[in-house]
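The sequence shown begins at 3 in my numbering and counts up by one. First comes the structure, then the notes that go with it.
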Amino acid sequence: MSPTPVLGMKSVYVLNGPNLNLLGTREPATYGTVTLADIEARLKARCAKEGLTLDFRQTNVEGELVTWLQDAGKAGAPVILNAGAYTHTSIAIHDAIRGAGVKVIEVHLSNVHAREDFRHHSMISAVAAGVILGFGALSYDLALDALIAQSKNKS
Ligand code: DQA
Numbered sequence: 003m004s005p006t007p008v009l010g011m012k013s014v015y016v017l018n019g020p021n022l023n024l025l026g027t028r029e030p031a032t033y034g035t036v037t038l039a040d041i042e043a044r045l046k047a048r049c050a051k052e053g054l055t056l057d058f059r060q061t062n063v064e065g066e067l068v069t070w071l072q073d074a075g076k077a078g079a080p081v082i083l084n085a086g087a088y089t090h091t092s093i094a095i096h097d098a099i100r101g102a103g104v105k106v107i108e109v110h111l112s113n114v115h116a117r118e119d120f121r122h123h124s125m126i127s128a129v130a131a132g133v134i135l136g137f138g139a140l141s142y143d144l145a146l147d148a149l150i151a152q153s154k155n156k157s
C-alpha cells in the first residue's frame, strides 16, 4: 500500500552547508560519528513512510545555498537548513530566506550557545520558523517531526 501523503506538504529540502560533508570524521567529540549519508538515509526512509519526497543536498559554496533556498521557495517546499559556519556570517542566506518566502527550520548538531562566542549569533534565526540545536544528528529528525506535525495540524 502506498503511504498517505502528509497533506499540504509534498516534499522537504534538507540543505547542508560547508564542512558538513566531513561528518563522521570531523571533530567527533563535537559532532559525533554519524555521517551525512547516514542522516540522509534515515530521513529518506522516514519521508518515504510519510509519502514525502526528500531533496537532500550539501555544498561548501555559500551562493549555492542561496540558489537552493530560492529553488525551495519556487517549489513551495519547507527547508531544514544547517548552514554550518555561514549561519554566523551570511547576510546573503538571510536575504534568500526572506526573499524566497521559504519556510526554514534552522538546525545544528552542536549546542552553538555552549561554544565559542562567534557561534552565538545566527543570521538565520530571525527569518526561521524555528531553531533546533544540540541534539546531534537527532536535530534533523526533530526538525522533520516538527514539519510533519505542523502540516498534519493544518490539514
Ligand atoms: C554547526 C555549528 C556551526 O557553528 C559550525 O560552523 C558547523 C556546524 C552544527 O551543526 O553544529 O559547521 O552548524
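From the three backbone atoms N, C-alpha and C, an ideal C-beta is built for every residue, glycine too. Here the structure is a predicted model, which is why all the values come from computation and not from measurement.
Item                                                                                                    : Value
Rounded separation between proline 20 and glycine 86 - CA only                                          : 6 Å
Separation of alanine 148 from histidine 123, as counted between CA atoms                               : 23 Å
Nearest to glutamine 152 (by Cα), restricted to the options Ala131, Leu45, Tyr33                        : Ala131
Buried or exposed (CB count within 10 angstroms, at least 16 for buried), threonine 6                   : Summary for threonine 6: the model assigns pLDDT 45, below 50, so the residue's position carries little reliability; its value from the coordinates is reported in the next sentence. Threonine 6 is exposed by the Cβ-count criterion.
Near ligand 1: asparagine 62 beta-carbon under 7 Å from a heavy atom                                    : no
Beta carbon nearer than 6 Å to a non-hydrogen atom of ligand 1                                          : Asn21, Asn84, Gly86, Ala87, Thr89, His110, Leu111, Ser112, Val114, Arg121
Same chain, Cβ closer than 7 Å to arginine 48, neighbours up to 5 away in sequence not counted          : Leu146
Rounded straight-line distance, which links the Cα of glutamate 29 to that of isoleucine 134            : 20 Å
Counted within 10 angstroms of its Cβ, other Cβ atoms place valine 63 as buried (16 or more) or exposed : exposed
Buried/exposed call for threonine 69, threshold 16 Cβ in 10 Å                                           : exposed
As assigned by DSSP and simplified to three states, the class of phenylalanine 58                       : strand
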